[in-house]
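One structure is given below, encoded as structure tokens.
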Amino acid sequence: MRVKTCLASIGLWGSATVQAARHGMQAFESIHSAPDGWKPAGAPNPGARLDFRIVLVPVSAPQRPWPLPLASSTPIVESRILSGTNVSDPNSLAYGQYLSQDQLRDVMRPSATGKKAVMEWLTASGISQQNITLDGNWISFSSTANEANFLLDTEFLSYRSTSKPDMTIIRTRNVFLPQSVVQYVQMVHPTTYFPKAPQAISPAVQYSRKVEDINSAVPCEKYTTPQCLRDLYKIGGVVPNNDTSGFIGIAGFLGQYPSHLDLDMMIEKTSPWAKGANYTSYSLSNGTLDESRPGAEASLDIQYTVPLTYPMRSVFYSTGGRGELVPDLNFPDQASNFNEPYLEFFKHILDQKDTSNIPHTISISYGEEEQTVPATYARTVCDQIAALAVRGVSVLSGSGDWGPGSTCQTNDGKNTSRLMPIFPASCPWTTAVGATTGYAPEQAVRFSGGGFSDLWPQPWYQKEAVDGYLSQLGDRWSGLYNPKGRGFPDIAAQGTAFLIIVSGKEGGIGGTSASTPVVASIVALLNAQRLQSGKPTLGLLNPWLYSLNGTGTTDIVAGGSEGCSGIGYKKAKTNRIPYASWNATKGWDPVTGVGTPLFDQLLKSLPTCDTIKQTPVYSVAVGPRNVQLSMDIES
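Mapping of the sequence shown onto mature numbering (1 follows the signal peptide of the UniProt record, and there is no 0): residues -20 to -1, 1 to 615, in sequence order.
What follows is the structure, encoded as structure tokens:
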């Protein structure tokens, strides 16, 4: 799991450095100062062109306060679709009645009033109509630096990289919006975001030697292999049919890319049943497609999903760029920005009209501390994941590799001690995957990330399970986390000593980035089985997973996580929280979730017509179409 944290005092709203707004304007977003690694280089050319994207609040969203309270939900897609349609509730007749792209666009469309207000604001501020593109609730436009200054009541400056003096960008530290439009805008991107030049991550992997004894068995006591995982999690008995089983998608970020040659060697050494297996690659936003320099992260993802799901199709999406960053103590400069471009990746998937072009399962082995991602950006990405759920897609992401936290210090200028949740695992519409180690029995591994979100409240599907854990926890860590927040992870799997082959050399790697493709592969096989049986995919897994009450999983009750040691990334000094940890306990816990999967039992426990309650269903108009909504809507 590639997790990052950072430094600099930042607040989204109300920073002491926020400039005074002109009449009728309201603070929308701000950062305390430009992150280390960037220095102001004067005003840009007034005619310099800037490209922006605005995400509008859907008409289905409830009225929201502004500024948004940090530790509360911003229900947009989820309030109307996931809680409203019950398409992800296995106890509802609406279960599996997923939306088409057109139906989803109807639900996510902006209000006519909001769209009109924002468009009038843009044109009245000097933005030419021909430079504005409206796509659903997304508005893209270009402007000059001067126009952007007036539009957002701010001052864009040129900033020069201290490590690469020839690299300059144009950014601002404060964003204001008219009071007449602020309630209709969810995100303006990019404004306070300072990117970094692409560079490969250097994972902690020790490559031992060239691959030898290609036909020899690899003992599970030494390395975790696909065969070890098949045996441990009872994976078998299902052979996906490529014509009807759909496909699994693997997200690739940060210049990471796998190698077909390495995959062939890995399969020959560890997975003979998958001989001849392959994968397809797609480049999004100029993503890397260079097999001459494969990355350990991408190699890990492909070398486990491909053999575990064989002969199902596997698609690797290489997405270029970097996501938004709010620096904190571990990563004080943008040269350390490893935030992933989730926005571009998820939007590409959602833009596919034909469901045959959409993976039914997505594995994401990346993440960052929740506080380092601008809240407007994080909520927009989480809404996209919710939108994928109502199109029948199961999204899984790693829970992080720093236990209860690494920085353990807020970046709001107060430097308050805090246990740190990980994004996007903290988004309620992902299935977050923790890590275990050992075989007899499995136990929680100390680095397995977990905790409680500071952005999203506890979702309905995990209330009983998480409240049970909190009642055992009592006052321990009181004030250091949000007990009303979404708890994660949801599930776990092996996460240590994974054998991989990179550039012809074998070595070991671990992390929740190893656990995630394992669970994603199991979910992909379940989704394939449902498709082959003429049934809809599982979509959002969590309501079904928690409703099983332990069936289909092995409860992990030994071990625990560790973190908050006072030493962060690159030896940065951080707040120390003595003995900070989450322990594995009976039932759900914030280190292994509900436990590790047993494929054979999960297969038998898939939702069927016999298990669905006869909940009354009525039809509610959504735009020009009707969507089936259950009456037992969760609040």
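Quick reminder that beta carbons are idealized off the backbone N, C-alpha and C, glycines included.
Got a sec, what are the start and stop residues for the alpha helix (DSSP H) P523 sits in?
522 to 527
Could you pull the start and end residues of the beta strand (DSSP E) that P497 belongs to?
Unbroken run through P497 is the alpha helix (DSSP H), 492 to 512; no beta strand (DSSP E).
Short Cβ contact (7 angstroms threshold) for G429 with S379:
yes
Does H3 come out as helix, strand or coil in the three-state DSSP assignment?
coil
My output table needs one value for P587: the three-state DSSP class, helix, strand or coil.
coil
Assuming contact is defined by CB atoms lying nearer than 7 angstroms, are F478 and T204 in contact in what I supplied?
yes
With C-beta atoms as the reference, is T341 less than 7 angstroms away from S374?
yes
Cα-Cα separation, N221 to F468
33 angstroms
Pick out the complete alpha helix (DSSP H) segments inside the stretch 56 to 109, 4 residues or longer, and give them in chain order.
81 to 88, 92 to 104
Buried or exposed: which applies to residue 626, given that a residue is buried once 16 or more other Cβ atoms fall within 10 Å of its Cβ?
In the structure displayed, the chain extends from -20 to 615; residue 626 sits before or after that span and is not available.
Give the range of the alpha helix (DSSP H) segment to which H328 is assigned.
322 to 330
Answer yes or no: do A424 and A276 have a C-beta to C-beta separation smaller than 7 angstroms?
no
For the stretch 72 to 91 and the stretch 128 to 145, state whether three or more C-beta atom pairs, one from each stretch, are separated by less than 8 angstroms.
no
Coarse secondary structure for P274, derived from DSSP in three states
coil
Go ahead and label Q452 buried or exposed: buried means 16 or more other beta carbons lie within 10 angstroms of its beta carbon, across all protein chains shown.
exposed
Scan the stretch 105 to 136 and note each continuous alpha helix (DSSP H) run of 4 residues or more that stays entirely inside, going in chain order.
125 to 131
Around the Cβ of G484, are there at least 16 other Cβ atoms within 10 angstroms (buried) or fewer (exposed)?
exposed
From S386 to A472, what distance separates their C-alpha atoms?
20 angstroms
Using DSSP with H/G/I as helix, E/B as strand and the rest coil, what is Q283?
helix
Confirm, please, whether the CB-CB distance from W568 to A412 is below 7 angstroms.
no
In this structure, how does DSSP classify residue 616 when only helix, strand and coil are distinguished?
With the chain covering only -20 through 615, there is no way to say anything about residue 616.
Bridge partner(s) assigned by DSSP for H169
R33
Suppose contacts are defined by Cβ-Cβ distances below 7 angstroms. Is P339 in contact with G229 by that definition?
yes
Close-in-space but distant-in-sequence residues of the same chain around S294 (CB under 6 angstroms, 5 per side omitted)
I228, Y259, T285, V286
According to DSSP, which residues form a beta bridge with K553?
I547
Exposure label - K144; buried when at least 16 CB within 10 Å
exposed
Note down the Cα distance separating H328 from G232, rounded to an integer number of angstroms.
13 angstroms
Taking P26 as the reference, which of L288, F130, Q110, L102 has the closest Cα?
F130
L460 in three-state terms, based on DSSP
coil
Would you call D447 buried or exposed, if buried means 16 or more other Cβ atoms sit within 10 Å of its Cβ?
exposed
Identify, in the order they occur along the chain, each residue of the same chain with its Cβ nearer than 7 angstroms to the Cβ of P516, setting aside the five sequence neighbours on each side.
G76, Y78, G372, R510
Under a Cβ-count criterion, where at least 16 other Cβ atoms within 10 Å of its own Cβ denotes burial, should T588 be classed as buried or exposed?
exposed
Candidates T576, S336, S345: closest to D508 by CA position:
Inspection of the sequence shows that residue 508 is occupied by Ala rather than by Asp. Of the listed residues, the one whose Cα sits closest to A508 is S336.
Within 8 angstroms, do at least three Cβ pairs link the stretch 67 to 76 to the stretch 146 to 156?
no
Through-space distance from G414 to S495, alpha-carbon basis:
7 angstroms
What are the start and end residues of each continuous beta strand (DSSP E) run of 3 or more residues lying completely inside the stretch 327 to 358, in chain order?
341 to 344
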